[in-house]
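S.K.: In UniProt numbering, the protein residues as written are 1 to 195.
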Ligand code: GDP
């Protein structure tokens with residue numbers, strides 16, 4: 001049975017005090033428009049579980065999805081959208097930092113990057129915030145359907161090399177459009193939950 005076959009929306013939080021107390025969670029983070037909502041929908045095999053935006057940077061909530069057996073998938077607000085007012089941006093960056101640094105029930109981070117624009121400064125910031133926890137990060141290079149096979153394997157190798165400074169990082173190609181890479185994500189997340 002798929003890890004995501006029972007997935008359902010659980011709750012929305014606007015601050016760290018309102019997060020669920022029990023269970024274990026895997027968080028999805030990424031720059032606005034990187035393809036995070038599409039990836040969650042593709043993994044869940046649903047069209048509209050997470051909101052796919054035409055206007056990136058709008059969803060500034062932490063959304064919890066229940067996977068069953070005290071396991072949660074956490075959809076973090078997208079970062080790096082230029083049109084967001086400075087004070088809002090600062091608030092959410094602080095919240096993301098505190099969440100990644102202090103959330104005990106967070107067992108791993110899935111970091112979504114557009115395969116054409118990987119490892120931007122804010123992605124590096126996320127890796128730096130989370131690294132001290134010693135917990136694993138899995139990078140999804142999304143929209144891989146937009147690259148040729150050759151470009152995709154070159155990007156994969158480059159990002160793998162770029163991630164060397166951070167331990168416990170893995171990376172794969174992913175396409176929501178072509179539904180490529182789904183099984184590999186599931187295997188990684190299952191490993192985290194079963195560890
Ligand atoms: P989010 O802001 O990170 O949640 O990104 P979305 O999931 O809303 O996707 C942003 C845009 O990229 C949308 O127009 C999606 O249709 C498009 N997109 C997302 N994933 C893919 C993919 O795998 N392939 C292609 N070609 N487009 C994608």
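Where is the CB? At the ideal position from N, CA and C, for every residue including glycine.
Does the beta carbon of residue 27 fall short of 8 Å from some heavy atom of the ligand GDP?
M.R.: no
S.K.: Within the continuous beta strand (DSSP E) that includes residue 24, where are the two ends?
M.R.: 24 to 30
S.K.: Within the same chain, show all residues whose beta-carbon is closer than 8 Å to that of residue 12, passing over the 5 residues directly before and after it, in chain order.
M.R.: 61, 62, 63, 64
S.K.: Going by Cα to Cα distance, which pick from 159, 40, 10 is closest to residue 20?
M.R.: Closest in C-alpha terms to residue 20, from the list 159, 40, 10, comes 10.
S.K.: Among 115, 176, 146, whose alpha-carbon lies nearest the alpha-carbon of residue 155?
M.R.: 115
S.K.: Indicate, with yes or no, if the ligand GDP has a heavy atom lying under 8 Å from the CB of residue 31.
M.R.: Within the cutoff, so yes.
S.K.: Could you pull the start and end residues of the beta strand (DSSP E) that residue 66 belongs to?
M.R.: 62 to 68
S.K.: To the nearest angstrom, how far is it from the Cα of residue 119 to the Cα of residue 74?
M.R.: 21 Å
S.K.: Of all the beta strand (DSSP E) runs that stay within the bounds of the stretch 78 to 136, which reach a length of 3 or more residues?
M.R.: 106 to 114
S.K.: Could you check if residue 123 is buried or exposed, using at least 16 other CB atoms within 10 Å of its CB as the buried criterion?
M.R.: buried
S.K.: Look up residue 75 in the DSSP assignment and say whether it is helix, strand or coil.
M.R.: strand
S.K.: At a threshold of 8 Å, does residue 112 count as lining the ligand GDP (C-beta to nearest heavy atom)?
M.R.: yes
S.K.: If contacts are defined as beta-carbon pairs under 8 Å, then residue 24 and residue 193 qualify, I think. What distance do you get, rounded to the angstrom?
M.R.: Residue 24 to residue 193, Cβ: 6 Å. Contact.
S.K.: Could you tell me which of 140, 1, 169 sits nearest to residue 184, measuring between CA atoms?
M.R.: 140
S.K.: Give a yes or no on contact between the stretch 90 to 97 and the stretch 154 to 169, applying the rule of three or more CB pairs nearer than 8 Å.
M.R.: no
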